[in-house]
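Reading through the structure tokens given below for one structure.
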Amino acid sequence: MHRTKVKIVEDVLDANNTIARANREDFDRHDVTVLNLMSAPGAGKTTLLECALATRPEGVRIGVLEGDIQGAYDSDRLAGFHIPVVQLNTGSGFGGECHLDANMVRSAMPSLPLHNIDLLIVENVGNLVCPAEFKVGEDARVMVCSVTEGEDKPLKYPLMFRACELVIVNKIDLLPHLEFDLSALLYNIDQVHPDVETIVLSARSGEGLEAWREWLLRVAARQEVPA
Amino acid sequence: MHELSVASAVLATSVRYAEGRPVEVVALRVGALRQVVPDSLRFYWGIVAQGSVCEDARLELTEIDTRLRCDGCDHEWELGIPSFRCPACGAGEVAVIAGNELEVDYIEVRELAHA
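As they're listed, the protein sequences go chains X and A.
If you want our numbering, it's the position in the first sequence, counting the first as 1, plus 32.
If you want our numbering, it's the position in the second sequence, counting the first as 1, plus 2.
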């Protein structure tokens, strides 16, 4: 009996990336633009979705894929908008998977009426680490960070802040009540991901929401998303 | 919890290449940008590898520091604090030349005698 060394040199996420590419091709075939919306738990992803849906961007048919470890709380919140919403629960894994991966999104595709969707927003599981590693077949990635999370978050989670094309800074209506240095946060975002597009807003007060809607319209029209 | 996902992905890759042979070593190259905690990864490895050809395999981690190169002025540096702007010219267009690795470099398998 002897030992053999098998040279591999393969990214461990290759298998996921292959499925993500297949997803992307299927979405492209149906002219569906896909956004992967990521944040820490409670940063305001679902509220921002509600804001986007409330105005019904002209001519853009939106569908939503909700990812949560368990429960249908988020998809229930969106039920009143009468749009296609599919809930994905990741709880079957060991302790519940903390992110959506390409295969989970693939398994949900038959439930989505892709021919009736222009813009599919995938709301990922709230988590600042794992979702950044797993592509799902998206055209662009958006991360939401809120001003209650601390100015240092980009420095602590560079993987996430570098993985996205847009950073939304949410909950600025709370600034008067916090000792929070917004310019320090924006500086740290720029240090970790130089020149990334940033939108500062409050989903609650409505300040800055117009920029979010315009951004959505721009990606739905399949205009170039600056990398 | 990130390390659980990574351990599962390492296992899937290793099992595919082992082709049924018992694995004794899995050598992994991990870049600093991937934010993997080695002890945590080993902990989860012990759990996910159970019952597979990798259950007795030792996980060998090589950690790789992050190196960047400015697209504008070619300045190269090792990333300390996470600042991806070129310290020489301030440009934001930089290439990650090391630190993004998360790959199985090789495995060592025990060849079983033919029946």
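The C-beta atom is built at its ideal place from N, Cα and C for all residues, glycine as well.
Check                                                                                                                  : Outcome
Cβ-heavy atom distance, A90/A to the ligand ADP, below 7 Å                                                             : Within the structure as shown, the ligand ADP is missing, as the structure has no ligands at all.
CA nearest to the CA of L114/A, picked from E21/A, L13/A, C88/A                                                        : E21/A
Exposure label - L35/A; buried when at least 16 CB within 10 Å                                                         : buried
Residue-chain proximity (L70/A, chain X), Cβ-Cβ < 8 Å                                                                  : no
Short Cβ contact (8 Å threshold) for E26/A with A51/A                                                                  : no
Given R254/X as reference, the closest of I51/X, E170/X, I204/X, E42/X once Cα atoms are compared                      : E170/X
For I231/X, the residue or residues it bridges with in DSSP                                                            : I200/X
C-alpha gap between D58/X and K39/X, whole angstroms                                                                   : 33 Å
Beta-ladder partner(s) of E105/A, from DSSP                                                                            : D43/X, R31/A
Q52/A (DSSP reduced to helix, strand or coil)                                                                          : coil
Top-ranked residue by Cα proximity to G95/X, from N49/X, L146/X, P163/X                                                : L146/X
CB-CB length for C177/X against A75/X, believed under 8 Å                                                              : 6 Å
DSSP state of R18/A mapped onto helix, strand, coil                                                                    : helix
The region 43-59 of chain X contacting the region 200-220 of chain X, beta-carbon criterion three pairs below 8 Å      : no
Between the CA atoms of L241/X and G123/X - distance to the nearest angstrom                                           : 33 Å
Within-8 Å CB hit, V168/X to chain A                                                                                   : no
Buried versus exposed, by CB contacts within 10 Å (16 or more), H34/X                                                  : exposed
Neighbour-count burial assignment, T36/X, 16 or more Cβ in a 10 Å radius                                               : exposed
Distance between V117/X and D100/X (C-alpha atoms, nearest Å)                                                          : 13 Å
Residues of its chain near P40/A, where Cβ-Cβ distance is below 8 Å and the 5 sequence neighbours each way are ignored : V32, L63, E65
Given S71/X as reference, the closest of A140/X, H225/X, S139/X, K185/X once Cα atoms are compared                     : K185/X
Member of S139/X, R236/X, L80/X, A134/X whose CA lies at the smallest distance from the CA of L110/X                   : L80/X
Buried versus exposed, by CB contacts within 10 Å (16 or more), V251/X                                                 : buried
Selection of the region 35-56 of chain X by Cβ proximity to chain A, strictly under 8 Å                                : R35, T36, K37, V38, K39, I40, V41, E42, D43, V44, L45, D46, A47, N48
N- and C-terminal bounds of the alpha helix (DSSP H) containing V96/A                                                  : From DSSP, V96/A is part of no alpha helix (DSSP H) but of the beta strand (DSSP E) over 96-100.
Chain-ordered neighbours of R132/A on chain X, where CB pairs are closer than 9 Å                                      : In this structure chain A extends from 3 to 117, so residue 132/A is not present and cannot be described.
is_contact[A14/A, chain X] using C-beta, thresh 8 Å                                                                    : yes
Check whether L45/X and L104/A have beta carbons under 8 Å apart                                                       : yes
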